[in-house]
Amino acid sequence: MDNHKPRSKFWFVFFILFSIWFSVLYCFDWSSLPGLSSFSQKSLQSLDSNPIQESSDPNPIPKSDDVPHDKNQTMASDANHKPNNVSTMDDTIENLERLQVKEEEEENGVEKGRTRKPCTGRYIYVQDIPTRFNDDYIKSCKLLNKWHHMCPYFDNMGLGQKLGNPQRLFSRTGWYVTHQFSLEVIFHNRMKQYESIFVPYYSGLDISRYLFDSYNTSIKDADSLELFRLLKGKPEWNVMNGRDHFLVCGRITWDFRRAVDTDSEWGNKLMILPESQSITMLTIESSPWDKNDFAIPYPTYFHPSNDDQVYERQNKMRRQRRRTLFCFAGAPRPNMDGSIRGEIMAQCTAARQKCKMMECKNDKHNCLKPVNVMKMFQNSVFCLQPPGDSFTRRSTFDSILAGCIPVFFTPGSAYVQYLWHLPKEYSSYSVLIPEGDVKQKKVSIDNVLSKISKSRISEMREQVIKLIPKVIYADPRSRLNKLEDAFDLTVKGVIERVEKLKREMREGRSYNDEFDSEISWKYYSFGTTEQHEWDHYFKRN
1 MDNHKPRSKF
11 WFVFFILFSI
21 WFSVLYCFDW
31 SSLPGLSSFS
41 QKSLQSLDSN
51 PIQESSDPNP
61 IPKSDDVPHD
71 KNQTMASDAN
81 HKPNNVSTMD
91 DTIENLERLQ
101 VKEEEEENGV
111 EKGRTRKPCT
121 GRYIYVQDIP
131 TRFNDDYIKS
141 CKLLNKWHHM
151 CPYFDNMGLG
161 QKLGNPQRLF
171 SRTGWYVTHQ
181 FSLEVIFHNR
191 MKQYESIFVP
201 YYSGLDISRY
211 LFDSYNTSIK
221 DADSLELFRL
231 LKGKPEWNVM
241 NGRDHFLVCG
251 RITWDFRRAV
261 DTDSEWGNKL
271 MILPESQSIT
281 MLTIESSPWD
291 KNDFAIPYPT
301 YFHPSNDDQV
311 YERQNKMRRQ
321 RRRTLFCFAG
331 APRPNMDGSI
341 RGEIMAQCTA
351 ARQKCKMMEC
361 KNDKHNCLKP
371 VNVMKMFQNS
381 VFCLQPPGDS
391 FTRRSTFDSI
401 LAGCIPVFFT
411 PGSAYVQYLW
421 HLPKEYSSYS
431 VLIPEGDVKQ
441 KKVSIDNVLS
451 KISKSRISEM
461 REQVIKLIPK
471 VIYADPRSRL
481 NKLEDAFDLT
491 VKGVIERVEK
501 LKREMREGRS
511 YNDEFDSEIS
521 WKYYSFGTTE
531 QHEWDHYFKR
541 N
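For the sequence shown, UniProt numbering begins at 1 and goes up steadily by one.
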């Protein structure tokens with residue numbers, strides 16, 4: 001009998017402990033503790049364990065007979081990209097403010113020695129929307145471009161196929177054949193934990209299907225209208241009436257600003273819809289005359305996976321010998337009134353050995369080959385960046401990556417565009433030659449650049465090289481430790497904008513009342529609406 005008593009006591013103690021454990025784990029309301037987010041941790045997207053494998057091709061220029069890539073090589077499944085729905089959410093601004101910044105070591109398990117970034121520990125909720133607004137565009141990649149096979153560009157999570165190191169121009173790793181309009185895919189794959197609501201709608205890939213053939217406006221606008229109908233039905237929208245939402249548009253702003261419902265008109269009307277006036281739109285080129293879109297850099301060919309790869313690139317560009325004073329890669333615009341490209345190309349030809357030129361014609365693919373473009377830029381002191389079909393060019397960021405000082409002809413090409421990424425002191429890293437003087441043949445580009453002293457050139461080039469990490473998008477499958485890339489700076493800009501909007505809502509005011517949209521370029525760039533020396537660049541008839 002005595003032998004049974006210890007066993008009975010053992011089971012009694014075990015039952016008591018199990019009851020306490022069960023009550024604490026399942027019955028206690030943990031969300032009542034201060035500092036815990038009202039968002040489910042499962043709703044935060046993590047890409048560190050994404051099982052995407054790299055794809056490489058010794059011939060990186062895509063051929064028309066290539067078959068579509070396997071989706072597992074390009075995008076993670078919906079389970080990896082789409083978070084669960086928000087667990088609980090009150091329709092008050094204060095509810096969002098529960099998302100508190102945590103110490104990096106506590107919240108993100110960051111190893112010692114890593115520099116804490118300003119946005120670490122702050123949250124972005126990735127909106128759960130159907131795959132018809134993102135992944136399905138990738139599945140139909142053959143339809144995205146009438147002349148080029150786009151599918152290989154979505155390998156490696158949107159970075160494209162591995163470029164390697166041809167002619168020893170680059171480095172062994174980190175370089176890809178990245179398309180200039182693939183930013184939406186890259187950005188979606190880089191999403192981490194911050195504060196705001198990201199809408200992973202690939203608007204650029206959506207409209208790409210309809211730009212170069214005749215389609216009804218209802219077809220062009222269908223996905224945009226359906227997206228906003230879906231978003232307005234979600235509780236997250238009501239918190240700030242969409243003001244804490246943002247999305248990335250991987251094409252220029254003019255592709256989304258169709259003013260009239262005529263089938264022959266260009267683009268869709270995504271950015272002029274009423275709901276879009278609340279959302280923050282990030283695009284590779286913004287409108288100087290509108291309030292709700294903000295420019296972020298075009299994707300380049302360089303996507304490093306660690307800081308050392310960036311330092312290696314910077315040091316290589318510091319040592320680079322440059323035999324050409326200035327260069328230009330592009331095509332003339334004979335049918336565009338006011339275009340200065342013809343005059344620039346004529347001056348480049350006249351400068352002979354001082355200027356190198358790569359003419360981008362439809363019957364050639366020189367400008368589509370990264371090696372050709374980057375080799376010319378790396379061998380030049382200055383890179384000419386005149387407007388083309390619009391204000392901006394991807395070439396601007398390729399030149400920075402090559403340590404080549406950009407030469408602009410209008411402030412609309414960079415200075416009033418990339419406010420979160422480029423210095424306000426534009427003369428520290430670039431040259432501005434007024435386009436009007438070039439058009440009227442009042443100025444010689446050769447003479448202007450030749451007069452800049454060697455010491456001044458060295459100072460400017462060093463500033464350009466320091467900009468490299470700020471204008472590149474790191475590999476989505478990794479992260480930089482000490483450096484902030486274009487993604488980090490973009491997210492920081494969005495967070496600051498949302499926080500400002502929240503303060504204004506609490507105070508019952510709106511910045512939209514402070515200035516007219518026609519001078520938004522001036523307000524965002526300088527914080528003023530007074531007269532400015534650049535006014536004539538942005539006057540519209």
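The beta carbon of each residue, even a glycine, is placed where N, CA and C say it ideally should be.
Among the options, whose alpha-carbon lies nearest the alpha-carbon of residue i?
| i | options | result |
| --- | --- | --- |
| M240 | F515, E518, G508 | G508 |
| R393 | S218, H179, M460 | H179 |
| S395 | V381, F377, D135, M281 | F377 |
| A351 | M505, T324, Q314 | T324 |
| residue 553 | S203, D206, W147, D244 | Past the edges of the chain, shown from 1 to 541, lies residue 553, and the structure says nothing about it. |
| S478 | L467, G527, W266, P304 | P304 |
| C355 | N447, P288, T283, E435 | N447 |
| E236 | D485, F198, D398 | F198 |
| W289 | V494, S399, S517, K454 | S517 |
| L384 | I433, L368, L422, Y418 | I433 |
| T217 | F256, V248, L230, G233 | F256 |
| I186 | D437, Q531, I468, P476 | P476 |
| S203 | K441, T283, P152 | T283 |
| T410 | S399, I400, Y426, H421 | Y426 |
| residue 566 | F181, K220, R313, F526 | Because residue 566 is not part of the residues shown, which for the chain are 1 to 541, the question remains open. |
| residue 564 | K441, K220, R321 | With the chain covering 1 to 541 only, the question about residue 564 has no answer from this structure. |
| D221 | V491, R258, S450 | R258 |
| A474 | H149, D128, N156 | N156 |
| I519 | T349, S287, K424, Y176 | S287 |
Residue j and residue i - do their beta-carbons sit closer together than 7 Å?
| i | j | result |
| --- | --- | --- |
| Y301 | P406 | no |
| N268 | M281 | no |
| F382 | F328 | no |
| I340 | P386 | yes |
| T262 | E285 | no |
| F391 | G412 | yes |
| L159 | D307 | no |
| S380 | C404 | yes |
| L227 | F133 | yes |
| K142 | F212 | no |
| A295 | Q417 | yes |
| F515 | T529 | yes |
| P299 | L163 | no |
| L169 | M357 | no |
| H421 | K470 | yes |
| Q314 | I129 | no |
Where DSSP assigns a beta bridge to residue i, which residues make up the other side?
| i | result |
| --- | --- |
| E359 | G330 |
| L432 | F408 |
| M281 | L247, D293 |
| T324 | S380 |
| K441 | Paired residues: none, contrary to the question. |
| F302 | W175 |
| Q385 | F408 |
Helix, strand or coil for residue i per DSSP?
| i | result |
| --- | --- |
| S380 | strand |
| L143 | helix |
| W266 | coil |
| A414 | coil |
| Y137 | helix |
| H69 | Annotation note: pLDDT 37 at H69 (below 50); position unreliable, coordinate value reported separately. Reduced to three states, the DSSP call for H69 is coil. |
| K502 | helix |
| S453 | coil |
| F538 | helix |
| G493 | helix |
| R479 | coil |
| F526 | helix |
| L422 | coil |
| E514 | coil |
| S427 | helix |
| S214 | coil |
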